[in-house]
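Read through the structure below, which is laid out as structure tokens, and then see the notes.
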Amino acid sequence: MEIVRVRYVPATTRMTLARLGQPVALEVEQQCFALSLHEMPGEVDWRIEFLQWLTRKVVFYLTTLPETDVIQSLLRVERELILETGLHSLEAQAVTEAALVEFQNLGEKERKELVEDQARFQQYSMKEWTALTERYAQIVRSQCQSVKAA
């Protein structure tokens, strides 16, 4: 599965790091912002939609595999979600478990249709990803202080 890298830091981590003297800044569209120490309006809903998007990507990925490889691949995907995407281990587990349930609920015909319509799925997925990243950027721009880059 294609790796997704996200620069997201949960509010509890931001607060903890700030108390340790390490406030978190994030570059958005070539502008640096000091992230809010508190949960920002819309942040949780964005995170939920991001995890749901990842789940759909994993389901699609599973449809491209032989069924005998699904469980082993899910374990690898879960590791990648933690190490490469930066999800908490519980989030990664939730994504892969939800993906497995959705995958198992697909009929053979539905799986075949997903694979055959790969280009459209990829295009739709990229459109969703663009909307998600823009929405997070808007949350940051509207709630966080712009700072000079270090």
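For the sequence shown, the residue numbers in the numbering used here are 900 to 1049. Using N, Cα and C, we set each Cβ at its ideal position, and we do this for glycine too.
Within the same chain, Cβ atoms closer than 6 Å to the Cβ of residue 917 are found at 936, the five residues on either side in sequence being excluded. Minimum Cα-Cα distance from residue 981 among the listed residues 919, 1034 and 953 corresponds to 953. In the three-state reduction of the DSSP assignment, residue 992 falls in the helix class.
If you keep only unbroken alpha helix (DSSP H) runs of at least 4 residues inside the segment 946-974, you get nothing at all.
In the structure shown, residue 929 falls within a coil segment according to DSSP collapsed to helix, strand and coil. Of all C-beta pairs linking the segment 959-968 to the segment 1009-1018, three or more are shorter than 8 Å, placing the two stretches in contact.
Taking 8 Å as the cut-off, the Cβ atoms of residue 942 and residue 1038 count as close. Taking 8 Å as the cut-off, the Cβ atoms of residue 945 and residue 1034 count as close. Across the set 927, 934 and 994, the C-alpha of 994 shows the shortest separation from the C-alpha of residue 948. For residue 939, the closest C-alpha among the options 907, 1047 and 992 is that of 907. By the C-beta density criterion, residue 983 is exposed, having fewer than 16 other C-beta atoms within 10 angstroms.
Minimum Cα-Cα distance from residue 1045 among the listed residues 933, 1008 and 905 corresponds to 933. Counting along the chain, residue 905 sits inside no beta strand (DSSP E), nor does DSSP assign it H or E at all. Here residue 1000 is exposed. Its C-beta has fewer than 16 other C-beta atoms within 10 Å.
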